[in-house]
Each structure stands twice: as structure tokens, then as C-alpha cells.
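Here my numbering is used: the first residue of the sequence shown is 105, the next is one more, and so on.
First up is the structure itself, then whatever we jot down about it.
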Amino acid sequence: MDDSDLERLRMPLPSYPDGFRSGFACFVGRPNVGKSTLMNALVGQKVAITSTRPQTTRRVIRGIVHRDDAQLIVVDTPGLHKPRTLLGERLDSLVRSTLVEVDVVGLCIPANEPIGRGDTYIAEELAQQQTPVVAIVTKADLVDREQLVQQLVAVDQLGDWTDVVPVSATDNFQTDTLRDVLLGHLPEGPPLYPDGELTDEPEEVLVAELVREAALEGVRDELPHSIAVVVEEMSPRVDRDGFMDIYASVYVERTSQKAIVIGHRGSRLREVGAQARRQIEGLLGQRVYLDLRVRLAKDWQRDPRKLRRLGFDQQT
Ligand SMILES: Nc1nc2c(ncn2[C@@H]2O[C@H](COP(=O)(O)OP(=O)(O)OP(=O)(O)O)[C@@H](O)[C@H]2O)c(=O)[nH]1
105 MDDSDLERLR MPLPSYPDGF RSGFACFVGR PNVGKSTLMN ALVGQKVAIT
155 STRPQTTRRV IRGIVHRDDA QLIVVDTPGL HKPRTLLGER LDSLVRSTLV
205 EVDVVGLCIP ANEPIGRGDT YIAEELAQQQ TPVVAIVTKA DLVDREQLVQ
255 QLVAVDQLGD WTDVVPVSAT DNFQTDTLRD VLLGHLPEGP PLYPDGELTD
305 EPEEVLVAEL VREAALEGVR DELPHSIAVV VEEMSPRVDR DGFMDIYASV
355 YVERTSQKAI VIGHRGSRLR EVGAQARRQI EGLLGQRVYL DLRVRLAKDW
405 QRDPRKLRRL GFDQQT
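See below:
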């Protein structure tokens with residue numbers, strides 16, 4: 105919980121029904137197991153970007169689930185794995201500090217992959233802290249019934265979970281059940297966010313994430329990890345109503361990567377821009393002019409100063 109949460113708690117509260125519950129749940133798991141997709145499914149809107157590339161999530165993102173009798177704030181964390189870079193270390197400590205601050209943890213393990221060292225590593229981490237853990241078997245739509253049952257048994261034996269819940273975020277299978285299980289772990293208390301607010305991410309961050317999501321499409325190998333996006337300026341156009349000008353920089357780590365992101369005579373960058381613009385217009389509900397520049401920040405994942413410049417400071 106940070107200063108802004110405390111500030112919010114001090115604000116006068118609207119009336120709320122007796123027995124109202126509110127609190128925080130966080131999803132942890134290996135990269136690419138479907139944490140962000142699941143959060144979006146519970147919230148009912150895309151508040152976190154997703155991709156087929158592992159390690160897409162780099163920030164802690166909060167999505168808010170509203171019900172008449174409860175408010176659940178879902179915290180999506182970067183995938184946990186043994187860190188190899190300074191960015192990896194920062195992300196790992198970020199996840200650890202989140203675990204102890206929430207009311208319930210959802211450990212995500214996919215139905216369609218054998219349980220591996222990565223899952224055991226996380227299960228051992230979770231065993232060392234007190235927060236109740238619900239094990240979530242994700243991507244249930246990708247396996248048949250028998251495989252699903254086998255995975256549920258295997259996950260059950262991995263640790264001391266309060267529940268084991270299979271879900272499919274893409275088919276909305278059991279997402280209501282999961283939401284109810286998570287709500288059951290929340291304490292009674294007032295709503296923490298205004299009615300209807302779906303995320304506490306600033307608009308600039310959501311916009312930068314949508315550009316990054318578009319830039320991740322179709323790039324290979326280690327390049328996805330080298331891409332970072334910063335929105336430099338976002339301003340409504342004075343002479344044209346309902347039009348937003350957005351200037352964003354796409355950072356890469358090496359000159360060779362710059363060429364890949366830009367593509368032949370700028371063709372790839374134009375595609376990225378067009379896709380990102382459509383998504384951003386959906387998010388903001390207004391027309392957008394998007395100016396993308398590709399810039400070099402040599403080895404930024406290992407450089408503390410550049411990490412800060414790109415928004416990955418300790419509070420990220
Ligand atoms: N079939 C199927 N695919 C899913 C489901 N949930 C997620 N996926 C896919 O799995 C991939 C990874 O999903 P993400 O939600 O980005 O995974 P993540 O765990 O947040 O990944 P990191 O950000 O790397 O930690 C994407 O291609 C999703 O479309 C699901 O329920 N069913």
C-alpha cells in the first residue's frame with residue numbers, strides 16, 4: 105500500500121451496504137501463464153496489455169472489480185523468474201513486496217504445461233509468507249477434461265492452497281467462481297475506489313503500454329525485452345475539438361534493433377502506429393494523432409539511470 109492508497113482511505117466515504125467487503129488480490133506466476141488476460145477478464149475491460157511473448161508485464165497494474173456488495177482490486181504483477189538483469193531484479197523485488205500487502209494471492213499455473221522448476225520456485229516463495237493463496241489453473245480451454253483433472257491434482261500437491269480453481273479467461277469459464285473465491289478472502293470494509301473506476305493507472309501509462317503491445321507483435325527472439333515506450337507529450341489539439349496529439353518514443357537497446365522496429369522504409373513502424381492508434385482511440389474515446397519516434401538507449405535494462413528515465417524506478 106502506498107501514499108496514494110493511504111490518502112484515499114482518509115477521504116470521506118460514500119455510504120455503502122452493511123457487510124461490504126473490499127481489498128486486494130494479486131496474481132503471480134511464471135511469465136506467459138495468462139495473469140494479465142485473467143485480470144482483464146475479471147475487470148471486464150482491457151486494463152493490462154497481453155502478448156504471446158513471455159515477460160510482457162513490467163509494472164504492477166491494478167484493475168478494479170465492482171460489485172454491489174464488494175470491491176476487489178486485482179494487482180497484476182510481472183512474471184516471477186530467476187532474474188538475469190537489473191530490470192529482472194527490480195521486477196522480482198516488486199512482486200515480493202506486493203505479496204505481503206494483499207489480502208489474497210492467486211498463483212497461476214497453466215493447464216497445458218507440465219509443472220516445472222519455475223512453478224516450484226514460486227510455490228516455495230509463497231510458502232514463506234502468511235497471505236492465503238488460491239491456486240488457479242489457467243488456460244483450461246486448451247486441455248481435455250482428463251488432462252485438466254490431472255493438472256488440478258498436481259497443482260494441489262504443490263503447496264498449501266486454500267482452493268484450487270480451474271479457469272479459462274478467453275472462454276470466461278469459471279471466472280465468476282474465481283471472483284467469488286477471491287472475494288471470500290477480503291475483509292469487511294468500505295469501497296477503496298470510486299464507483300466505475302476500472303484502473304488507477306495514469307492515462308499516459310496505459311497509452312505507452314498499448315504502443316508497446318503493438319510494437320511487440322511479430323518481433324522475434326530477445327527483442328521484446330529490449331523495447332520500452334515513453335509517452336513524451338499528450339495534449340488535446342486547440343484548433344480541433346475532440347482530437348488528441350500524442351508524442352511517444354519507442355526505445356531499443358541496440359542500433360540493429362532500431363532497424364527492425366522501423367522496418368523497410370518505415371513500414372513496420374507505420375503498422376505499429378496504426379494498430380496502437382486504433383487501440384488508443386478505443387481507450388480514450390476520441391480521435392488521436394500518434395507520433396512515434398524510435399530511439400536508442402544502449403543496454404537500458406542494465407543501467408540504473410536509464411531504467412529511471414524509462415519509468416522503472418523503485419516505485420514502479
Ligand atoms: N487459450 C487461452 N490462451 C490464454 C488464456 N489466457 C491467456 N492466454 C494467452 O496466453 C498468452 C499470455 O497471456 P498473458 O495474459 O500476457 O500472460 P502473463 O502471465 O500476464 O504474461 P507476463 O506478462 O509475461 O507475465 C497470450 O497469448 C494470451 O492470449 C486462456 O484462458 N486461454
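Idealized CB from N, CA, C, for every residue including glycine.
{"Asked": "Output the distance between the C-alpha atoms of residue 301 and residue 357, rounded to the nearest integer angstrom.", "Found": "36 Å"}
{"Asked": "Sorry if obvious, but does the Cβ on residue 243 come closer than 8 Å to a heavy atom of ligand 1?", "Found": "yes"}
{"Asked": "I'd like the ranges of any alpha helix (DSSP H) spanning at least 4 consecutive residues and lying wholly in the stretch 189-250.", "Found": "190-203 and 221-231"}
{"Asked": "If we count the other Cβ atoms within 10 Å of its Cβ and call it buried at 16 or more, is residue 418 buried or exposed?", "Found": "Confidence is the limiting factor: at residue 418 the pLDDT is only 44, short of 50, which leaves the residue's position unreliable, though a coordinate-based value still follows. Result: exposed."}
{"Asked": "Between which two residues does the beta strand (DSSP E) carrying residue 424 extend?", "Found": "Here the chain comprises residues numbered 105 to 420, so residue 424 is not present and cannot be evaluated."}
{"Asked": "Going by the CB atoms, is the gap between residue 211 and residue 434 shorter than 9 Å?", "Found": "Residue 434 falls outside the range modelled here, since the chain spans only 105 to 420, and no answer is possible."}
{"Asked": "Regarding residue 212 and ligand 1, is the C-beta to nearest heavy atom distance less than 8 Å?", "Found": "yes"}
{"Asked": "For residue 353 versus residue 316, is the C-beta spacing smaller than 9 Å?", "Found": "no"}
{"Asked": "Just to confirm, are residue 128 and residue 206 a CB contact at a threshold of 9 Å?", "Found": "yes"}
{"Asked": "Compare the beta carbon distance of residue 259 and residue 241 with 9 Å and say whether it is the shorter of the two.", "Found": "yes"}
{"Asked": "Using alpha carbons as the reference points, say which of 249, 169 and 412 lies closest to residue 295.", "Found": "169"}
{"Asked": "Could you tell me the alpha carbon to alpha carbon distance between residue 420 and residue 201, rounded to whole angstroms?", "Found": "Interpretation of residue 420 is limited by its pLDDT of 38, a score under 50 that renders its predicted location unreliable; the figure taken from the coordinates is listed afterwards. Roughly 12 Å between the two C-alpha positions."}
{"Asked": "Taking the runs of the beta strand (DSSP E) that are 3 residues or longer, which of them lie wholly in the stretch 302-390?", "Found": "332-340 and 347-356"}
{"Asked": "Can you look up residue 412 in the DSSP assignment and give me helix, strand or coil?", "Found": "helix"}
{"Asked": "Which residues in the same chain have their Cβ closer than 6 Å to the Cβ of residue 376, if we skip the five residues on either side of it in sequence?", "Found": "318 and 319"}
{"Asked": "Where residue 283 and residue 410 are concerned, what is the direct C-alpha to C-alpha distance, given to the nearest angstrom?", "Found": "38 Å"}
{"Asked": "Give me whichever residues DSSP pairs with residue 396 in a beta bridge.", "Found": "352"}
{"Asked": "Looking at the unbroken alpha helix (DSSP H) that takes in residue 140, where does it start and where does it end?", "Found": "139-147"}
{"Asked": "Note the first and the last residue of the continuous alpha helix (DSSP H) segment covering residue 285.", "Found": "279-287"}
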